[in-house]
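Okay, structure first, notes after.
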Amino acid sequence: MQIWPGKPYPLGATYGGSGVNFALFSEVAERVELCLIADDGTETRVEMPEHDAFVWHVYLPTIQPGQRYGYRVHGPYDPAKGHRCNPDKLLLDPYATAIDGEMQGSQALFGYSFGDPALGLSSVPNAVDSLGHTMYSVVTNPFFDWGKDRPPGHAYHDSVIYEAHVKGLTMLHPDVPKEIRGTYAGIGHPATIEHLRRLGVTAIELMPVHQFVQDFTLLDKGLRNYWGYNTIGFLAPHNGYAAYGTRGQQVLEFKTMVKALHEADIEVILDVVYNHTAEGNHLGPTLAFRGIDNDNYYRLVGGDLAHYYDTTGTGNSLLMRSPHVLQLIMDSLRYWVTEMHVDGFRFDLAATLARQFHEVDKLSAFFDLIQQDPIVSQVKLIAEPWDLGDGGYQVGGFPPLWTEWNGKFRDTVRDFWRGEAATLGEFASRFTGSSDLYAHSGRRPVASVNFVVAHDGFTMRDLVSYNDKHNDANGEGNRDGESHNRSWNCGVEGPTTDPAVRALRQRQQRNLLTTLLLAQGVPMIAHGDEFGRTQQGNNNVYCQDNELAWVDWTLDADQESLLDFTRHVMRLRAEHPVFRRRRFFAGSADHGGESDLGDIAWFEPDGEHMDEEAWANGYAKSLMVFLNGRAIRETDSRGGAIRDDSFLVLFNAHYEPIDFVIPEASYGRKWFVEINTAGDVEDAKPTVASVAATSGVLVPGATVTVQARSIIVVGCPLDDEA
């Protein structure tokens, strides 16, 4: 075999049309062997002769795409000093763009012996070879015919995000061919894309697609890691979602999926997990980073380098002040944008990424690198703004370039619709874009990614059907998952044939969807919530890779009705810029109150303006908001003033019907019902208790009865405004 020196950059295995350059960073290594794995599992070791600035490299002119490989790193094994090199462990390339195979449960994967009483702390390594039990990196061909592919480029304020699981979305889809269900090809299938298009979403946010590994404790219970928050390969699409092969075919399949979604004008956002890796704590397996350069990749406990500092609940945290960790993350992000054409990222437990030292710091090196990067800074960047460490809840605390999952929106909207007291003021603030959280840093309403339900927790249907979690299938005695869900079962726990309870649950789902989709900010819905998907009360299906977690596309009449309703509300949002403003209203930030510019006004049900006493009324659960389409104060792409219809949104979270009075003529002379969550879309007509309304037209002074726990939205066309 010919062996050339090669180059130290780029890191990883780079195919240039003939041979392959291999480059691996390790500061602690004394020797590094590149291991080529044949189809029959035999291994050929190649000494890497060159290293520059701690990057070991070699060029093999005869190697082609599809070649499986790994590394053996020779160096110190001394856990007390933070070193865990062990050449008996075949290691994945941190820069691998494809990974083949799946881990096999074996002591061979671990750097220590199970019989060692020190368990991971001994200075005597486990000498059992992991070859045959671990996964393999794969050389890939970077060339792909993108044709005329271009990013859809939806502005944040026009965006509606659809959070989905690659496997769960299509595994039960009857119109997707069986052989590609649960795969990237399944997401890119016309049946899947047509559903997304008709629904009206602009972006699909995919739960983790970076290569992840299975948890042995779950496998022992007959369960699997379903969600995928257990990354081991930050540049490799997960091979379990590939329909056509895992020797690089998964890369082509992923690109084809992105291309198909872009053709339908749908963006692709990835849920990425850069805060930790699948190697876990000091008792975890040695798969890649631990054996390559443990002290450079992981944050270790000061004064106790044998243990890992953990702010993620997974056993380890990446060392965010290491230039090599930061380089890996940035190289990974750029790769997914430039080579895989994705349109943005949602960062799991993003507060950990900001912990350069101990505290969460928005001036950390990670944010500096993102800010100045000409590629990554231009895509959508969404933070899950918390982790499990001290001071980790950082909603509203991220830098101006970022948007955030707004956990306060979720909590407040849930509380309001389950009838909690003293929620009016905060509900109004969340509905109008949460200026109290974002305006101080120069951000706008789109900084708030609004959601009521995400993958973690109840589905929207379960949120209105269960008071308590029912996670027995997870095998943890129902101790896992969140216990405080801010849910309400509408009077009966779980399934029921009671028509009144079923009707109330349908209405509550419509209330939640309407609030979410018409609020200022960027709405995000979870897959299946558009038609009432259930997980039977399980709020933590991370280990349920089965029908419990997969989306069931067999819809009953109630589900079909809810789907039609969701599409209707999405169309209303898309057609009216007053619901997707780029700037905050001019009202006060504490409750989105009155505006000197007249762009918003808040009313009590009797049509009188809300005053401080009304806002402070802890028992009040009803209010009305006026959204002035004539006073948006924004311009379109050509500089023209944006003007729209005006709307009144009548919220009644009370358990009895409430009569609302349409405000005086200065707000609008003729109002038409657009949404009534107490009825179907087709007959969305309110009960009118005044002769001031005739022929379906509401006029100033009309009394409208808003049914218990429901919303009515009425619009006043521009031509009919005062």
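If you count by our numbering, then the sequence shown holds residues 188 to 909, one letter each, in order.
The beta carbon of each residue, even a glycine, is placed where N, CA and C say it ideally should be.
These figures come from a predicted structure and were not determined experimentally.
Going by C-alpha positions, Y428 is about 18 Å away from A378. Residue Y485 holds the alpha-carbon nearest to the alpha-carbon of Q543 among R597, Y485 and W592. Here the C-alpha atom of D316 lies approximately 10 Å from the C-alpha atom of F297. Contact check between the stretch 708 to 720 and the stretch 653 to 660: fewer than three CB pairs, one atom from each, fall below 8 Å, which does not count as touching.
Cβ-Cβ separation between M797 and L810: approximately 7 Å, consistent with a contact (criterion under 8 Å). DSSP lists R271 as the bridge partner or partners of Y264. DSSP, reduced to helix, strand and coil, places D577 outside both helices and strands of the structure shown, so it counts as coil. Judged by pairs of C-beta atoms under 8 Å, the stretch 336 to 343 touches the stretch 527 to 545, as three or more such pairs exist. Minimum Cα-Cα distance from L279 among the listed residues I419, I367 and I380 corresponds to I419. Assignment of I456 by DSSP, reduced to helix, strand and coil, places it in the strand class. By the CB criterion at 9 Å, C272 and P263 fall inside the cutoff. DSSP lists F534 and E591 as the beta-bridge partner residues of A570. With fewer than 16 other CB atoms across the displayed protein chains lying within 10 angstroms of its CB, M188 is exposed. Comparing alpha carbon positions, the residue from V891, D491 and F614 closest to K268 is D491. When only Cα atoms are considered, E747 and V901 end up about 24 Å apart. For L470, the number of other beta carbons within 10 angstroms of its own is below 16, and it is reported as exposed. Taking the Cα of D667 as reference, the smallest distance to any Cα among Q696, F476, T499 and N727 is reached at N727.
Checking the DSSP bridge columns, you'll see P424 partnered with H397.
Contact between D786 and A803 is ruled out by a C-beta separation of about 24 Å, above the 8 Å threshold. In the DSSP assignment, H511 forms no beta bridge with any residue.
Counting only residues of its own chain and dropping the five nearest sequence neighbours on each side, W243 has a CB closer than 6 Å to the CB of L211, V219 and M235.
For T433 and P424, the gap between their C-alpha atoms comes out near 10 Å. If you look at R218, you'll find it in the beta strand (DSSP E) that goes R218 to I224.
Annotation: F554 to P510 spans about 13 Å, alpha carbon to alpha carbon. The beta carbon of H261 is closer than 6 Å to those of E217, R218 and P274 in its chain, skipping five residues each way along the sequence. Going by DSSP, S310 is part of no beta strand (DSSP E) at all; its letter is neither H nor E. A contact is defined here as three or more CB-CB pairs under 8 Å, and the stretch 755 to 772 meets this definition with respect to the stretch 702 to 713. Look at M235 here: in three-state DSSP terms it is coil, with no helix or strand label. Cβ contact annotation for S670 (same chain, cutoff 7 Å, sequence separation greater than five): K656, in chain order. Counting only residues of its own chain and dropping the five nearest sequence neighbours on each side, G193 has a CB closer than 6 Å to the CB of N208, H244, V245 and Y246. Contact between L223 and V233 holds, since their C-beta atoms are separated by about 7 Å, short of 8 Å. Under the 10 Å beta carbon count, T741 is surrounded by fewer than 16 other beta carbons and is classified as exposed.
Non-local C-beta neighbours of H449 in its own chain, meaning closer than 8 Å and more than five positions away in sequence, comprise D336, R337, P338, P339, V455 and H528, ordered along the chain.
Here E663 carries a coil assignment [DSSP, helix/strand/coil].
Sequence-distant partners of P904 (beyond 5 residues in either direction) whose C-beta falls short of 6 Å from its own C-beta, in its chain, are D832. Taking a C-beta distance under 9 Å as the contact criterion, L575 and T464 do not qualify as a contact pair.
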